[in-house]
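Numbering (the working numbering), first residue to last: 69 to 460.
Here the structure comes first, spelled out in structure tokens, and everything after it is commentary.
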Ligand SMILES: [Zn+2]
């Protein structure tokens, strides 16, 4: 059982945060000065931990800790933030991964696998679009938006290609804050992620008749917003009936003409469904559509992301490592997207969650207790050691 240095991890997380701290929160959007300063800091820490580092205009920072063979394990996360974000989202996974290797290095432990510790750029997608660094690292195609915009940041296609990991990767691990309130509420220490949920979004239009709000008597109105109101209520009860682990949200609504003195003539909204079970997405959508077919003018599918299931062996070693450390675990899906979605397409992935106080993230109020930070990093390093022993 290896133990990381909690004080050193706390210092590195705090110093990294200080490079991007503003009164409103952490502002480390990709390709800003704070981002590049942070990349430099991450590079220095990786070198101190015994790694050789490569990086380029894409903004991925990759530290390699050489092993006895050419086979590879990958651990990491992202350091870019949303505007006014928190200091743990992504950064925890990167700093804990560096700390894990630093611990192995100072204890003279060389692994069978070489380990890449990676800070993937542009995970949040607020500058170009999401998961760009991990797509490039995994050699997966960039999205059309990404290809269109990279030039604005002096990134070439050669830079993208140079990011691709050359060796076969046996496993990947990402430590991340939960970003939800489950672990905080149940007082469990470690979340073993089973899958990153699938997602479907639809644009749904309800039509009425726009008319004067003073002169149109109530019985003669066809108010699109009044018709739509029942859907907002029903979404939240229906998804729970279909699948208790599923979530459904109507987070975007547009009213036309959206004027105080006009009866709403048109409401356009986005239905979002997320669940591990893809069939749940279908069932919930069909049922909601069916219940309101009389008032729905049109439905257009606008986005689909498949589910990504974590590897059984990776989940097992996370569980074993947690048990040996005396930590309580819970198997749970991830409702948010992560860099691991890309890793899942080239290797066997695992993800470790630690509690977020109050379930808050993407906010300056985001917090994770230092004890949980230490627990997560200890699980990471010991799960890594166990994966290193897996024969292929
Ligand atoms: Zn994140």
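Glycine included, every Cβ here is placed at the ideal spot set by N, Cα and C.
Over what stretch of residues does the alpha helix (DSSP H) that includes residue 201 continue unbroken?
Indexing the chain shown from 1 puts residue 201 at position 133. Element bounds for residue 201: 200-206.
Let me confirm a value: residue 215 is counted as buried when at least 16 other C-beta atoms fall within 10 Å, else exposed. Which label applies?
Counting from one through the chain shown, the residue named residue 215 turns up at place 147. Taking all protein chains shown into account, residue 215 has fewer than 16 neighbouring C-beta atoms within 10 Å of its C-beta and is therefore exposed.
Under 8 Å, with one C-beta from each stretch per pair, do the region 136-147 and the region 178-198 reach the 3-pair mark?
yes
Measuring alpha carbon to alpha carbon, tell me which residue in 107, 452, 291, 340 is nearest residue 303.
Taking the first residue of the chain shown as position 1, residue 303 is located at position 235. Selected option, being the one with the closest Cα: 340.
Does the distance between the C-beta of residue 157 and the nearest non-hydrogen atom of ligand 1 fall short of 8 Å?
On the chain shown, position 89 is the one that residue 157 refers to. Yes, the beta carbon of residue 157 sits closer than 8 Å to at least one heavy atom of ligand 1.
For the alpha helix (DSSP H) that contains residue 371, what are its first and last residues?
Residue numbering aside, residue 371 sits at position 303 when the chain shown is read from its first letter. Unbroken run through residue 371 is the beta strand (DSSP E), 364-373; no alpha helix (DSSP H).
Just grab the DSSP bridge partners of residue 386 for me.
Translated into the one-based positions of the chain shown, residue 386 becomes position 318. For residue 386, which the question treats as bridged, DSSP gives no partner whatsoever.
With hydrogens ignored, establish whether the beta-carbon of residue 424 is closer than 8 Å to any heavy atom of ligand 1.
The residue given as residue 424 occupies position 356 in the chain shown. Result no, Cβ not under 8 Å from ligand 1.
Thinking C-alpha only, which one of 439, 249, 72, 407 is nearest residue 240?
If you number the chain shown from 1, residue 240 lands on position 172. Nearest C-alpha to residue 240: 407.
What residues in its chain sit with their C-beta under 7 Å from that of residue 87, if we drop five residues either side in the sequence?
Taking the chain shown and counting its residues from 1, the one referred to as residue 87 is at position 19. Here the set comprises 102, 105, 106, 109.
Below 8 Å, is the gap between the Cβ of residue 247 and the nearest heavy atom of ligand 1?
Here residue 247 is taken as the residue at index 179 of the chain shown, counted from 1. At least one heavy atom of ligand 1 is nearer than 8 Å to the Cβ of residue 247, so yes.
Taking 9 Å as the cut-off, decide whether the C-beta atoms of residue 444 and residue 420 are in contact.
By one-based count along the chain shown, residue 444 stands at place 376. By one-based count along the chain shown, residue 420 stands at place 352. It is a contact, given that the beta carbons lie within the stated cut-off.
What would DSSP say about residue 326, mapped onto helix, strand or coil?
The count along the chain shown starts at 1 and reaches residue 326 at position 258. Residue 326 falls in the coil class under three-state DSSP.
Starting from residue 419, trace the alpha helix (DSSP H) both ways and give me its first and last residue.
The sequence position of residue 419 within the chain shown is 351, counting from 1. From DSSP, residue 419 is part of no alpha helix (DSSP H) but of the beta strand (DSSP E) over 416-422.
Output yes or no for whether 9 Å exceeds the beta carbon distance between residue 96 and residue 147.
Locating residue 96 in the chain shown gives position 28, where the first residue counts as 1. Locating residue 147 in the chain shown gives position 79, where the first residue counts as 1. Yes; because the gap between Cβ atoms is below 9 Å, this pair is in contact.
Run the CB neighbour count on residue 254, radius 10 Å, all protein chains shown included, and call it buried at 16 or more, exposed below.
The residue labelled residue 254 in the question sits at position 186 within the chain shown. With fewer than 16 Cβ atoms within 10 Å of its Cβ, residue 254 is classed as exposed.
Pick out whichever of 415, 351, 393 has its Cα sitting closest to the Cα of residue 69.
Sequence index remark: in the chain shown, residue 69 carries index 1 (1-based). Among 415, 351, 393, the Cα nearest to that of residue 69 is on 393.
Secondary structure at residue 438, three-state DSSP: helix, strand or coil?
Residue numbering aside, residue 438 sits at position 370 when the chain shown is read from its first letter. Three-state DSSP puts residue 438 in a helix.
With H, G and I counted as helix, E and B as strand and the rest as coil, what does DSSP make of residue 103?
By 1-based counting over the chain shown, the position of residue 103 is 35. If DSSP states are grouped into helix, strand and coil, residue 103 belongs with the helices.
Skipping 5 residues on each side, what residues in its chain have a beta carbon closer than 8 Å to that of residue 152?
As a position in the chain shown, residue 152 is number 84, starting the count at 1. 90, 92, 93, 94, 95, 431, 432.
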